[in-house]
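A.B. asks: Taking my numbering, the leading residue of the sequence shown gets 25, the next gets one more, and so forth.
Once you've had a glance at the structure underneath, I'll fire off some questions.
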Amino acid sequence: MSEREVLHILGEKVGLGKSARVSFNVAKLHTQNSIDVPVIIERSKKPGPTVLITAGIHGDEVNGVEIVRQIIAKGINKPKKGTVICIPVINVFGFIHMDREFPDGRDLNRVFPGSKTGSLAGRVAHKLMTEIVPHADLVLDFHTGGSDRFNAAQIRIAKNQIILNELAEVFGAPLIYYSKNLNKSFRNSCYKQGLPMLLFEGGKSFHIDKTITNTGVNGTKRILHHLGMLGSKFKVSRPKKSCIRILDSKWVRANHSGMFKATVSVNTQVKKGKVLGHITDPYGSFNHFVKAPNDGYIFNVNESPIIYQGDAIFHISTKVES
25 MSEREVLHIL GEKVGLGKSA RVSFNVAKLH TQNSIDVPVI IERSKKPGPT
75 VLITAGIHGD EVNGVEIVRQ IIAKGINKPK KGTVICIPVI NVFGFIHMDR
125 EFPDGRDLNR VFPGSKTGSL AGRVAHKLMT EIVPHADLVL DFHTGGSDRF
175 NAAQIRIAKN QIILNELAEV FGAPLIYYSK NLNKSFRNSC YKQGLPMLLF
225 EGGKSFHIDK TITNTGVNGT KRILHHLGML GSKFKVSRPK KSCIRILDSK
275 WVRANHSGMF KATVSVNTQV KKGKVLGHIT DPYGSFNHFV KAPNDGYIFN
325 VNESPIIYQG DAIFHISTKV ES
């Protein structure tokens with residue numbers, strides 16, 4: 025078997041037509057117990073692209089983990105050509121404790137590409153970028169909203185990326201949100217290496233939503249089908265609605281602290297002045313109406329019952345393309 029037919033990854037050799045579960049050893053706990061992140065590899069006998077599917081960069085984003093879990097459990101990750109590499113939980117430290125960050129207090133998605141001798145989070149980022157990412161031709165990275173903010177299912181890409189535009193259309197999420205690659209993020213590090221990434225956002229932390237999960241799984245099937253990798257036993261559905269492209273947006277922030285209840289849901293198109301929700305106090309002394317500052321689509325709603333002045337409570341588009 026030639027070198028080209030063998031995948032050398034994390035000290036293991038995986039040939040064409042083989043399956044493997046290898047360990048991405050990140051560190052030891054303070055008790056000296058090892059922490060190993062499982063990496064699930066499925067290879068067809070037929071050569072083809074390599075797709076890396078990841079989730080759990082933030083440990084509290086369980087809906088993304090559930091999407092990748094279903095992809096594995098249903099066998100969607102077993103390609104008819106090429107290779108699929110799945111990492112359901114990158115930040116296993118945070119996942120164990122249901123915490124967004126690493127034990128060192130760092131956000132893993134703000135330390136890429138990391139360093140071999142840096143912080144704990146930085147070392148994990150470095151190992152991911154040097155030992156796994158170089159094997160991939162495409163990355164699908166699954167996230168959810170944080171701090172009780174529920175995200176509509178969306179693909180996030182930077183503007184003027186022809187390949188990503190095409191792939192985002194194929195994925196078929198209800199929204200494509202054009203946003204800049206954040207400095208030191210996983211997405212930006214992949215971009216600098218010339219590796220295309222579709223970043224999926226949907227749902228909120230500590231929560232699994234069936235609609236969001238189905239959107240992520242179905243989108244993955246469409247991508248694999250587009251690449252000629254999806255197994256023949258799987259059906260590919262068409263998106264229920266045409267995709268809305270959000271070119272620009274703004275946050276609606278709370279002008280008052282108090283008890284909060286939204287009266288609109290994500291994926292709602294609203295007119296300027298539409299009442300989006302109410303802020304009240306426990307004593308019935310006031311009732312503040314939150315109104316839409318402009319026409320647009322609501323694609324993030326804060327579902328926390330208690331908010332403080334300045335909190336982001338709605339994300340609304342200011343410029344769209346359909």
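The C-beta atom is built at its ideal place from N, Cα and C for all residues, glycine as well.
Please read these numbers as outputs of a predicted model, since none were measured by experiment.
(1) Cutting at 6 Å between CB atoms, please list the residues of its own chain near His121, excluding the five before and the five after it.
(2) Measure the C-alpha to C-alpha separation of Met25 and Gly39 and round it to an integer number of angstroms.
(3) Taking 6 Å as the limit between beta carbons, can you name the residues of its chain near Gly146, skipping five residues before and five after?
(4) Within the chosen definition, does the segment 228–243 reach the segment 283–295 through at least 3 CB pairs nearer than 8 Å?
(5) Can you find the residues in the same chain that come closer than 6 Å, C-beta to C-beta, to Asn101, ignoring five residues on each side of it along the sequence?
(6) Leu223: which of His231, Lys37, Thr141, Arg211 sits nearest, CA to CA?
(7) In this structure, how does DSSP classify Ile59 when only helix, strand and coil are distinguished?
(8) Ignore the nearest five residues each way along the sequence and tell me which others in Phe195's own chain have a CB closer than 7 Å to its CB.
(9) Would you tell me roughly how many angstroms separate the C-alpha atoms of Trp275 and Lys42, rounded to the nearest one?
(10) What residue range is occupied by the uninterrupted beta strand (DSSP E) comprising Phe166?
(11) Cβ of Leu188 within 8 Å of Cβ of Pro73?
(12) Is it right to say His32 is buried, meaning 16 or more other beta carbons lie within 10 angstroms of its own, or is it exposed?
(13) Is Ser26 helix, strand or coil when you go by DSSP?
(14) Taking Thr304 as the reference, give the member of Val294, Met283, Lys104, Ile114 with the closest Cα.
(15) Under 8 Å between the Cβ atoms of Gly125 and Gly169?
(16) Thinking C-alpha only, which one of Leu251, Glu90, Asn184 is nearest Thr78?
(17) How many Å lie between Asn279 and Ala316 at the Cα?
(18) By the 10 Å Cβ neighbour count, where 16 or more other Cβ atoms means buried, how is Ile186 classified, buried or exposed?
C.D. replies: This is what the structure gives:
(1) Excluding sequence neighbours, His121 sits near nothing in its chain.
(2) With a pLDDT of 39 at Met25, under the threshold of 50, the modelled position of this residue cannot be trusted; read the value that follows with caution. Taking the straight line from one Cα to the other gives about 8 Å.
(3) If we look at Gly146 and ignore the five residues flanking it on each side, its Cβ neighbours are Val135, Gly138, Ser139.
(4) no
(5) Spatial neighbours of Asn101 in its own chain (CB-CB distance under 6 Å, excluding positions within 5 residues in sequence) are listed in chain order as Glu66, Ile95, Val108, Cys110.
(6) Arg211
(7) strand
(8) Ile179, Leu222, Gly243, Arg246, Ile247
(9) Going by the C-alpha atoms only, they are around 47 Å apart.
(10) 162–169
(11) In this structure, Pro73 does not lie closer than 8 Å to Leu188 by Cβ.
(12) By the neighbour-count rule (16 or more Cβ atoms within 10 Å), His32 is not buried but exposed.
(13) Here Ser26 scores only 43 on pLDDT, less than 50, and its place in the model is too uncertain to base an answer on.
(14) Cα-wise, what sits closest to Thr304 is Met283.
(15) Looking at the sequence shown, residue 125 is not Gly but Glu. Not closer than 8 Å, so no.
(16) Glu90
(17) Whole-angstrom Cα-Cα distance: 13 Å.
(18) Ile186 comes out exposed.
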